[in-house]
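Going by the numbering used here, the first residue of the sequence shown is number 11, and it counts up by one from there. Heads up, the beta-carbon is just placed ideally off N, CA and C, and yes, glycines get one too. Predicted, not measured: the structure shown is a model, and the values here were computed from it.
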Amino acid sequence: MKGRMDESILVCVYYGPNGERLIQRGCKMANMMDCPLYILTIDAKPFDELDAEKSDYIRRWKEIAELHSADAFILRDNEKRPVSKVIAEVAREKRITQIILGQTAQSRWEQIAKGSIINSLLREIPFVDLHIVSVSRGLRDQEGQFEKGVRAYLIKEGEKYRIIFKHMKDVEYEGIFFKDIGTDFNNGVFKFMKNKETVHVNITEDYVTDLTCNVNIIEPMDEDNK
Numbered sequence: 011m012k013g014r015m016d017e018s019i020l021v022c023v024y025y026g027p028n029g030e031r032l033i034q035r036g037c038k039m040a041n042m043m044d045c046p047l048y049i050l051t052i053d054a055k056p057f058d059e060l061d062a063e064k065s066d067y068i069r070r071w072k073e074i075a076e077l078h079s080a081d082a083f084i085l086r087d088n089e090k091r092p093v094s095k096v097i098a099e100v101a102r103e104k105r106i107t108q109i110i111l112g113q114t115a116q117s118r119w120e121q122i123a124k125g126s127i128i129n130s131l132l133r134e135i136p137f138v139d140l141h142i143v144s145v146s147r148g149l150r151d152q153e154g155q156f157e158k159g160v161r162a163y164l165i166k167e168g169e170k171y172r173i174i175f176k177h178m179k180d181v182e183y184e185g186i187f188f189k190d191i192g193t194d195f196n197n198g199v200f201k202f203m204k205n206k207e208t209v210h211v212n213i214t215e216d217y218v219t220d221l222t223c224n225v226n227i228i229e230p231m232d233e234d235n236k
């Protein structure tokens, strides 16, 4: 029995170089909290139709899960439902309190950057904490993360807030904008202070509608400092 049964972590991985780091991050969190850890991957194809590359990823993830004594590696194959529905279902089944997601611009999870998966999960399982792990910010590499953060501001326009990059007298919030690599629009995450707390919100094509949806961005770790 794990010591902290009031907490339970679910790491969601998709094919690519980011998956292993996500699992390692989840393992560190689970060890710190002394709580159960589950690893989930989702594929629309049946397992026996997966190509050699995907099968190798799954094999490797299983090995890492066993090495770190994860409670279960969960593969939901032949899955036609939206990703957010499947994640929410597993979260309820395993009584998950913390979900770790990766940000990749070139995968079926690219909608994370635009907020659709996050917003769906917030509606489906509002009492679960979401963590989006950004492995690299300043470089366009295989993991396709955020660009380097820049100073930005939010001004109110009706019921929404629009992001701008020049200070004006009607600015309501000042912070740092991390633009998603691979988009021509201002999609990404805006980090700012609100009521003496650091808040991260999704920006979709210049706008954010809800400043209360706090998305936890875990800052990347330098390899030399691990």
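- The residue from CYS22, SER130, ALA162 and HIS177 with its alpha-carbon nearest to that of GLY112 is CYS22.
- Scanning the stretch 155-191 from its first residue to its last, the whole beta strand (DSSP E) runs of 3-plus residues come out as 160-167, 170-174 and 181-189.
- The beta carbon of GLY198 sits closer than 7 Å to those of ALA123, PHE156, PHE187, PHE188, LYS189, ASP190 and ILE213, all from its chain and outside the five residues before and after it, given in chain order.
- The beta carbons of CYS45 and SER79 sit no closer together than 8 Å.
- Classified as exposed, THR222 has fewer than 16 neighbouring CB atoms from the shown chains inside 10 Å of its CB.
- Measuring C-alpha to C-alpha distances from ILE128 to each of ILE74, GLN34, GLU63 and ILE97 identifies ILE97 as the nearest.
- Contact between PHE195 and VAL211 does not hold, since the beta-carbon distance rounds to 16 Å and is not under 8 Å.
- In the DSSP assignment, VAL21 falls within the unbroken beta strand (DSSP E) covering 19-22.
- By the neighbour-count criterion, in which 16 or more other beta carbons inside 10 Å mark a residue as buried, ASN41 falls on the exposed side.
- For LYS64, the enclosing alpha helix (DSSP H) stretches over residues 62-77.
- Exclusion of the five residues before and after LYS38 leaves no residue of its chain whose Cβ lies closer than 8 Å to its Cβ.
- When rounded, the separation of the alpha-carbon atoms in TYR24 and TYR67 is 9 Å.
- Counting along the chain, the unbroken alpha helix (DSSP H) around VAL96 starts and ends at 93-103.
- Its Cα nearest to that of VAL160, the residue PHE175 stands out among LYS166, GLU167, PHE175 and TYR171.
- Per DSSP, ILE33 lies in no beta strand (DSSP E); the unbroken alpha helix (DSSP H) holding it starts and ends at 28-43.
- Residue pairing of ARG86 in beta bridges, as defined by DSSP: ILE52.
- The distance from the Cβ of VAL100 to that of LEU20 is about 6 Å, consistent with a contact at the 8 Å cut-off.
- Look at PHE137 here: in three-state DSSP terms it is coil, with no helix or strand label.
- Excluding sequence positions up to five before and after GLY185, its CB lies within less than 6 Å of the CB of PHE200, LYS201 and PHE202, all in the same chain and listed in chain order.
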